[in-house]
Amino acid sequence: MKVFTILVLLLISISMPAFSSGNAEEAPETEGSMMMAADSMDEMVSAPFIEFRDSEQAMMLAEKMPTVLFFNASWCPTCREAREDFTANAEKLNGVNLVLVDYDHSADLQKKYGVTYQHTFVQIDAEGNALIKWNGGGTEELLSKIIKEEM
């Protein structure tokens, strides 16, 4: 019986990477290395969205064009509607980096930018400072609120 149990445990441990999105290792959940997993959203991250990886990535994006962090959650109905609206109007969002931040796994960023609930937008500059923050809305609201800076 011991041999059977050991074999089963060995087979399970060997097969786990095959069942866990293909990655045997996971990054620690810190603000600098926080990953927003695409499988936590209802659909894969695609245009016009950029997947949040870390603050350095977001600041580099902000050097080139207006960059907005979109704190959203897969379970949030208004976030889902906004994602659908942004996808349907992707061509209007040319010239804007719209970065998806998983609300459920972003406590450090929430604290940094004073985000208290999902469906919040924060436009940042190249130093990571918040330029403007607002809650709710879709494409038209985003485009009307963005602060255009000299890049």
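The sequence shown begins at 13 in my numbering and counts up one residue at a time.
Backbone N, C-alpha and C fix where the C-beta goes; we use that ideal spot for every residue, glycine too.
In this text, all values refer to a predicted model and were calculated from it rather than measured experimentally.
The alpha-carbon separation between Met72 and Ala138 amounts to approximately 6 Å.
Rounded to whole angstroms, the separation of the alpha carbons of Cys88 and Gln130 is 7 Å.
Between the alpha carbons of Glu152 and Ala74 lies a gap of roughly 20 Å. Going by C-alpha positions, Gln69 is about 19 Å away from Lys145.
In this structure Asp66 does not touch Ala85 by the C-beta definition: roughly 20 Å separates them, more than the 8 Å allowed. Taking the Cβ atoms as the reference, Leu112 lies roughly 6 Å from Phe82, within the contact range of under 8 Å.
Shown here, Lys157 sits in a helix according to DSSP, grouped into three states.
Counting along the chain, Leu73 sits inside the alpha helix (DSSP H) bounded by residues 67-76. Cβ contact annotation for Lys157 (same chain, cutoff 8 Å, sequence separation greater than five): Phe133, Gln135, Ile144, Trp146, Gly149, in chain order.
Burial of Ile62 is indicated by the presence of at least 16 other C-beta atoms within 10 angstroms of its C-beta.
Taking a C-beta distance under 8 Å as the contact criterion, Val80 and Val108 qualify as a contact pair. Counting the other Cβ atoms within 10 Å of the Cβ of Ala100 gives fewer than 16, which makes it exposed. Distance from the Cα of Ala94 is smallest, within the candidate group Gly140, Leu121, Pro60, for Pro60.
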